[in-house]
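Numbering (this note's numbering), first residue to last: 633 to 825. Cβ atoms here follow ideal geometry from the backbone N, Cα and C, with glycine treated the same way. Fair warning: this is a prediction, and the values are worked out from it, not measured in the lab. A short worksheet on the structure shown next.
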């Protein structure tokens with residue numbers, strides 16, 4: 633009962649957040665999903681405009697590819713008892729010159745610690761893209777090296793490039809990712825579904 637009340641209070645506070653309102657192209661619409669029982673934590677960058685419009689995380693081609701990479705169904709992915717979806721920025725940050733702007737830093741500074749402290753049942757952590765990895769791993773070199781080195785680690789952390797179609801060039805240059813990394817990642821995810 634207490635954990636449900638805590639979850640509801642934390643989610644309610646997040647949904648009312650106005651911290652970066654003056655810097656967003658639209659009214660704030662924090663998009664996040666979690667429950668106390670969540671087993672898999674996915675830390676992404678920030679919702680895209682389609683997710684903003686639907687109020688549903690990863691509601692675009694990137695989300696389709698991510699679910700394929702993880703070997704997870706839509707039903708599993710959108711079940712907060714299984715998957716917590718916690719982006720670095722909870723609201724759509726707007727368009728930049730070559731895609732969406734980076735997530736607003738205020739959001740992670742305000743909310744990441746309370747959310748992470750609340751999620752005590754997490755068995756697998758998945759970090760997607762540069763901004764999530766910067767926060768979790770600090771100075772690590774480049775993202776490709778971090779992704780390659782994850783197999784040497786015994787912890788339950790997975791590192792992924794952003795699944796955006798804009799990353800097709802990276803995927804073409806790094807064929808090992810689909811050949812070697814994805815089967816490993818799918819096996820790890822399956823353990824917690």
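Self-check item: Exposure label - residue 817; buried when at least 16 CB within 10 Å
Solution: Sequence index remark: in the chain shown, residue 817 carries index 185 (1-based). Burial call: buried.
Quiz item: Are residue 717 and residue 664 close, meaning C-beta to C-beta below 8 angstroms?
Solution: Here residue 717 corresponds to residue number 85 of the chain shown, with the count starting at 1. Here residue 664 corresponds to residue number 32 of the chain shown, with the count starting at 1. Their beta carbons are under 8 angstroms apart, which means residue 717 touches residue 664 by this criterion.
Exercise. Just mark residue 807 as buried or exposed, buried being the case when its beta carbon has 16 or more other beta carbons within 10 Å.
Key: Residue mapping note: residue 807 aligns to position 175 of the chain shown, counting from 1. Flag for residue 807 reads exposed.
Practice problem: Could you give the DSSP three-state label for residue 695: helix, strand or coil? | Solution: The sequence position of residue 695 within the chain shown is 63, counting from 1. Note: residue 695 maps to helix in three-state DSSP.
Quiz item: Closest to residue 746 by CA distance: which of 668, 769, 802, 766 is it?
Solution: If you number the chain shown from 1, residue 746 lands on position 114. Of the candidates 668, 769, 802, 766, the one whose C-alpha sits nearest the C-alpha of residue 746 is 668.
Self-check item: beta strand (DSSP E) runs wholly inside the region 753-811, at least 3 long, in chain order
Solution: 756-760, 789-792
Quiz prompt | Contact check, residue 678 vs residue 692, beta carbons under 8 angstroms | solution = Along the chain shown, one-based indexing puts residue 678 at 46. Along the chain shown, one-based indexing puts residue 692 at 60. Against a cut-off of 8 angstroms, the Cβ pair of residue 692 and residue 678 comes out as no contact.
Quiz item: Buried or exposed: residue 633, going by 16 or more other Cβ atoms within 10 Å of its Cβ?
Solution: Counting from 1 along the chain shown, the entry for residue 633 is found at position 1. Bear in mind that the predicted position of residue 633 carries a pLDDT of just 41, short of 50, making it unreliable; the figure below should be weighed with that in mind. So residue 633 counts as exposed.
Quiz item: Looking at residue 760 and residue 651, is the spacing between their C-beta atoms short of 8 angstroms?
Solution: Residue numbering aside, residue 651 sits at position 19 when the chain shown is read from its first letter. Residue numbering aside, residue 760 sits at position 128 when the chain shown is read from its first letter. The answer is no: Cβ separation not under 8 angstroms.
Quiz item: Quick one: is residue 655 buried, meaning 16 or more other Cβ sit within 10 Å of its Cβ, or exposed?
Solution: The residue you call residue 655 lines up with position 23 of the chain shown. Burial call: exposed.
Quiz prompt | Cβ pair count under 8 angstroms reaching 3, the region 748-757 against the region 787-803 | solution = yes
Quiz item: Quick one, which of 681, 703, 749, 735 has its alpha-carbon nearest residue 821's?
Solution: In the chain shown, the residue the question calls residue 821 occupies position 189. Answer by Cα proximity: 703.
Quiz prompt | Alpha carbon of residue 779 to alpha carbon of residue 659, nearest angstrom | solution = Here residue 779 corresponds to residue number 147 of the chain shown, with the count starting at 1. Here residue 659 corresponds to residue number 27 of the chain shown, with the count starting at 1. Rounded to the nearest angstrom, the two C-alpha atoms are 35 angstroms apart.
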